[in-house]
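Notes to accompany the following structure.
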Amino acid sequence: MALYAELHRHLGGSVVPRILWRYFHRSDAELAQRFPEYNSFEDFYTRPRNTLDEYLELHTLVESVQTSETLPYFIYRLIRGAYIFENLAYLELRYTPYLRTPEHLSQSQRIDLMREIVEIVGKASQLQDCPTVASQILCMHSRLPYEVNRAIIDLAVEKREYVCAIDIAGGDAHYRDRLDDIIQLYEYARSRGLNTTGHLYETPDGCYPELLPYLMRIGHGIQIPLLHPELLPEVARRGQCLEVCPTTYLKTGTLTDLHQLKVVFDRCFEAGVDVAICTDNAGLHNVRLPFEYENLLTLDVIGFEELQACQEASFRHAFAWPYRDRPASLLNGLLKTETSPALAASS
Ligand SMILES: [Zn+2]
Numbered sequence: 001m002a003l004y005a006e007l008h009r010h011l012g013g014s015v016v017p018r019i020l021w022r023y024f025h026r027s028d029a030e031l032a033q034r035f036p037e038y039n040s041f042e043d044f045y046t047r048p049r050n051t052l053d054e055y056l057e058l059h060t061l062v063e064s065v066q067t068s069e070t071l072p073y074f075i076y077r078l079i080r081g082a083y084i085f086e087n088l089a090y091l092e093l094r095y096t097p098y099l100r101t102p103e104h105l106s107q108s109q110r111i112d113l114m115r116e117i118v119e120i121v122g123k124a125s126q127l128q129d130c131p132t133v134a135s136q137i138l139c140m141h142s143r144l145p146y147e148v149n150r151a152i153i154d155l156a157v158e159k160r161e162y163v164c165a166i167d168i169a170g171g172d173a174h175y176r177d178r179l180d181d182i183i184q185l186y187e188y189a190r191s192r193g194l195n196t197t198g199h200l201y202e203t204p205d206g207c208y209p210e211l212l213p214y215l216m217r218i219g220h221g222i223q224i225p226l227l228h229p230e231l232l233p234e235v236a237r238r239g240q241c242l243e244v245c246p247t248t249y250l251k252t253g254t255l256t257d258l259h260q261l262k263v264v265f266d267r268c269f270e271a272g273v274d275v276a277i278c279t280d281n282a283g284l285h286n287v288r289l290p291f292e293y294e295n296l297l298t299l300d301v302i303g304f305e306e307l308q309a310c311q312e313a314s315f316r317h318a319f320a321w322p323y324r325d326r327p328a329s330l331l332n333g334l335l336k337t338e339t340s341p342a343l344a345a346s347s
């Protein structure tokens, strides 16, 4: 029983279509009416989009129903599914807390309410019957004002018991006009001792070498080996890990075929850059982590040894995994001791 670590999953995109559709029909008459049939909803929800921006639009549908009242409902189902169906021992869940606060309130009221959201997510993630270790990454957003993004950093500092890092999301093409602000925010986050990741080098429009030095991990980063392999030695030297989410690139139109990822893995391995394989939006894609692994093997994008190296990298680069070893070593110690009753009985 291999147990896995998931480093890149969005709270909004992690709701599987069946659970979201059921929720509409239990609790949201308007959305239930808009999506009367499950099959057509699943088609609508999971079909590929033409661009990253179009794809990100879908998140707003989920964000609109993930409120302080409903978050425990979704998170309970998410963690339960992650443990039972995906064998996740560790999960970092990311989202923008500001976007879970009521839109009609003022900016300062919404900033104040973010604290409550982080607590709700934190408490709802600790399930009695699931041993999965869960932590939060708070996402700054490329379309939110500087003050809101800075408040997100302050909140991450304040709530370290629930939050392990910060990120920037919202479409990497939109960073260009605000690059100075974003660099300043990351400088501030690092000065407060926060871990950092960031959606960067996901698409050809999202290549900002100026931001790279501030990141401990790179959200996606596939355009580095694809378009800028000259940067790989410096990424390796900094010990940065790429969070590669295969299905995303097909859903956003960034790649047309998963075979294109072979270059990404080959160049990273050659340069000594770690890669963690992740789902990004397992619900929205309807593809869970073990299937991401299996797809890459089936398509010969990577081999078994490379897969295991990536799985180990996920635990090594996890921001809040509380153990020195990955679960395989812990389980070996537990199940294969010389004095175990099973071994004693069979001898
Ligand atoms: Zn993402």
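Okay, so the sequence shown: first residue is 1 according to UniProt numbering, each after it adds one.
Quick reminder that beta carbons are idealized off the backbone N, C-alpha and C, glycines included.
ask   = Nearest to Pro145 by CA position, among Asp177, Glu187, Trp21 and Leu91, is which residue?
value = Nearest of Asp177, Glu187, Trp21 and Leu91 to Pro145, Cα basis: Asp177.
- Item | For Ser106 and Ala29, the rounded distance between their alpha carbons | Answer to the nearest angstrom: the Cα atoms are 27 Å apart.
Exercise for review: State the DSSP-derived secondary structure class of Gln260, mapped to helix, strand or coil.
Suggested key: If DSSP states are grouped into helix, strand and coil, Gln260 belongs with the helices.
query: Are Val244 and Val264 closer than 8 Å when you measure CB to CB?
result: Yes, the pair counts as a contact, with Cβ atoms nearer than the cut-off.
Asn195: buried (16+ other C-beta within 10 angstroms of its C-beta) or exposed? By the Cβ-count criterion, Asn195 is buried, with 16 or more other Cβ atoms from all chains shown falling within 10 Å of its own Cβ.
- [ ] Would you be able to state if there are at least three C-beta pairs under 8 Å between the region 273-289 and the region 99-119?
- [x] Short answer: they don't touch.
Per DSSP, what kind of secondary structure is Met140 in: helix, strand or coil?
Strand, per DSSP.
query: Under the DSSP definition of a beta bridge, which residues are partnered with His220?
result: His220 pairs with Leu200.
- Task: Identify, in the order they occur along the chain, each residue of the same chain with its Cβ nearer than 6 Å to the Cβ of Leu11, setting aside the five sequence neighbours on each side.
- Result: Hits under 6 Å: Leu93 and Tyr95.
* Counting only the same chain and skipping the five closest in sequence on each side, list residues whose C-beta sits under 6 Å from that of Val273. => Only Leu232, Val235 and Ala236 meet the Cβ criterion.
| request: Work out the CA separation of Arg80 and Tyr128 for me, nearest whole Å. | output: A small correction: the amino acid at residue 128 is Gln; Tyr does not occupy that position in the sequence shown. Cα atoms of Gln128 and Arg80: separation of roughly 10 Å, rounded to the nearest angstrom.
May I ask you to list the residues that DSSP assigns as paired with Ser314? Looking at the DSSP output, Ser314 sits in no beta bridge, so it has no partner there.
Proximity test, Ala169 beta-carbon vs ligand 1 heavy atom, cut-off 7 Å:
Answer for Ala169: yes, Cβ within range of ligand 1.
Taking C-alpha atoms, which residue in Gly122, Arg192 and Phe24 lies nearest to Tyr214? Relative to the Cα of Tyr214, the nearest Cα in the group Gly122, Arg192 and Phe24 belongs to Arg192.
- Query: Within 10 angstroms of its Cβ, does Asn50 collect 16 or more other Cβ (buried), or is it exposed?
  - Reply: Classified as exposed, Asn50 has fewer than 16 neighbouring CB atoms from the shown chains inside 10 Å of its CB.
Which partner residues of Ser135 appear in the DSSP bridge assignment? Checking the DSSP bridge columns, you'll see Ser135 partnered with Glu92.
request  = Work out the CA separation of Lys251 and Leu3 for me, nearest whole Å.
outcome  = So the alpha carbons of these two residues sit roughly 27 Å apart.
Notebook entry, point to check: Looking only at C-alpha atoms, which of Val275, Phe41, Thr254 and Met114 sits nearest to Leu71?
Noted result: Leu71 has its Cα closest to that of Met114, out of Val275, Phe41, Thr254 and Met114.
### Query
So, are the CB atoms of Asn295 and Leu242 less than 8 Å apart?
For Asn295 and Leu242, no; Cβs fall outside 8 Å.
With burial defined as no fewer than 16 other Cβ atoms inside 10 Å of the residue's Cβ, what is the status of Ile84: buried or exposed? By the neighbour-count rule (16 or more Cβ atoms within 10 Å), Ile84 is not buried but exposed.
What does a CB cutoff of less than 7 Å around Gln109 pick up in its chain, not counting 5 residues either side in sequence?
-> Its chain contains no residue whose beta carbon lies nearer than 7 Å to that of Gln109 once the 5 sequence neighbours on both sides are disregarded.
Checklist line | Spatial neighbours of Ile137 in its chain, beta-carbon cut-off 6 Å, leaving aside the 5 residues before and after | finding: Excluding sequence neighbours, Ile137 sits near Glu92, Arg94, Ala165 and Asp167.
Taking contact to mean 3 or more Cβ pairs, one atom from each stretch, closer than 8 Å, check whether the region 184-191 and the region 152-160 are in contact.
Touching, yes, given that three or more Cβ pairs across the two stretches are closer than 8 Å.
Under 8 Å between C-beta atoms of Leu7 and Cys268 | In this structure, Leu7 keeps its C-beta atom at 8 Å or more from the C-beta atom of Cys268.
| task | Please report the residue range of the beta strand (DSSP E) in which His10 lies. | result | Counting along the chain, the beta strand (DSSP E) containing His10 begins and ends at Tyr4 to His10.
Cβ-based burial, Val148 [other Cβ within 10 Å; buried from 16]
Val148 should be labelled buried.
Q) Which first and last residues belong to the alpha helix (DSSP H) in which Asp53 is found? A) Secondary structure note for Asp53: its alpha helix (DSSP H) is the uninterrupted segment Leu52 to Val65.
Find the nearest neighbour of Val62 within the set Glu306, Leu284 and Arg143, judged by alpha-carbon distance.
When C-alpha distances from Val62 are compared across Glu306, Leu284 and Arg143, the shortest belongs to Leu284.
**Request:** Under the assumption that Ser135 contacts Phe319 (Cβ atoms under 8 Å), give the Cβ distance between them as a whole number of angstroms.
**Result:** Right, the Cβ-Cβ distance comes to about 7 Å (below 8 Å), so this counts as a contact.
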